[in-house]
Amino acid sequence: MIDDNEYNKIKLHRLLFFSDAVTAIIITLLVIELHLPHLVNSKSASEMLENLINMAPNFGAFLLCFLTLGQGWIGQNALFSLVIKYDNSIAILNLMFLLPSCLLPFAATLIGEYFNNPMSFIFLASISFFSSIMSYFINRRLIKRKMFSPSVDISHLEKLTKNMLLFPFASILMGFLAYYSTFLSFSLFMCSMLISLWNLRNLKLIK
27 MIDDNEYNKI KLHRLLFFSD AVTAIIITLL VIELHLPHLV NSKSASEMLE
77 NLINMAPNFG AFLLCFLTLG QGWIGQNALF SLVIKYDNSI AILNLMFLLP
127 SCLLPFAATL IGEYFNNPMS FIFLASISFF SSIMSYFINR RLIKRKMFSP
177 SVDISHLEKL TKNMLLFPFA SILMGFLAYY STFLSFSLFM CSMLISLWNL
227 RNLKLIK
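As numbered in the working numbering, residues 27 to 233 make up the sequence shown, in order.
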C-alpha cells in the first residue's frame, strides 16, 4: 500500500511532467510557425537576406512568445519544487494556467503576420492576463491549504504573490497601448518578460 508521502510525490511528479510536456509541445509549435522564405532565385544571397529582414516581425513574435512561455515555466517549476502535498484542485488550476499558453503559437503567427494591427497585441495581452491570474490563484491555493515544505518562507511567498497582481494590470495596459503604437506595445511586452526573467534568477523561497 502506498503511503500519503509516496502518493503526493507520484502525483506531483506527474503534474510537473505533464506541464513540461505541454510546454515542450508549445515551443515546438512556435518554431514550426517560422516558415521558410520563398525565393525566386534560390542562389541569391541578397534575396535571402531581404526575405529574412522582412520576416523580422515573425522572429520578434516568436521570441516574445517564447519568453512569455519561458518565464511562466520557470516560475511554476520553482514553485512546485517546494510543494509536498497534492490535491486535484491544484491540478485543475494548473490546467487552467496552461490553457491560455497553448494559444501562444497562434498569437505568434498573428503578430508576425499583422504586426501593425493592435488586435494582435490585445490577443497576446489576453493570454498574458489570464495566465498571470491563474498563476496568482495557484499560489493563493497552495498557501491557503499549507501545501508547501516547512522550509518555505511563507511570508516572503505571500509578498511575492501579492506583487503578482501587477502582471494582469500590466497586460491590460500593454494591450491598450497597442492602439497608440504596436511597436511600443511590443517593446514593453519584451521588457516586462526580460525583467521578469531577471528577477527569477534570484528567486529564493527557502528560509
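Note that CB positions come from ideal geometry on N, CA and C, so glycine has one too.
Asked                                                                                                                                                                 : Found
Just to confirm, are Q56 and P131 a CB contact at a threshold of 9 Å?                                                                                                 : Residue identity differs from the one stated: residue 56 is Leu in this sequence, not Gln. Their beta carbons are under 9 Å apart, which means L56 touches P131 by this criterion.
Let me know if T135 comes out buried or exposed under the rule of 16 or more other beta-carbons within 10 Å of its beta-carbon.                                       : buried
Does the region 139-150 touch the region 197-216, meaning 3 or more C-beta pairs lie closer than 8 Å?                                                                 : yes
Go through its chain and collect everything with a Cβ distance to F149's Cβ below 7 Å, but skip five positions before and after it.                                   : A133 and L136
Measure the alpha-carbon distance for I79 versus S72 and round it to whole angstroms.                                                                                 : 10 Å
I'd like to confirm the pairing. Which residues does DSSP put opposite I232 in its beta bridges?                                                                      : V178
Please specify which runs of the beta strand (DSSP E), each continuous and at least 3 residues long, are wholly inside the region 54-122, giving them in chain order. : none
Among H39, N31, C128 and G138, which has the Cα closest to the Cα of F209?                                                                                            : G138
Classify N225 as helix, strand or coil using the three-state DSSP reduction.                                                                                          : helix
From M122, S213 and I110, pick the residue whose C-alpha is nearest to that of I164; which is it?                                                                     : M122
Among S115, G98 and K170, which residue has its Cα nearest to the Cα of L124?                                                                                         : G98
Spatial neighbours of S222 within its chain, please: C-beta separation below 6 Å, excluding the five flanking residues on both sides.                                 : Q97
What separation, rounded to the nearest whole angstrom, lies between the Cα atoms of A47 and C128?                                                                    : 12 Å
May I have the straight-line CA-CA distance separating I58 from F85, to the nearest angstrom?                                                                         : 12 Å
Can we say the region 155-164 touches the region 188-195, given the rule of at least three CB pairs closer than 8 Å?                                                  : yes
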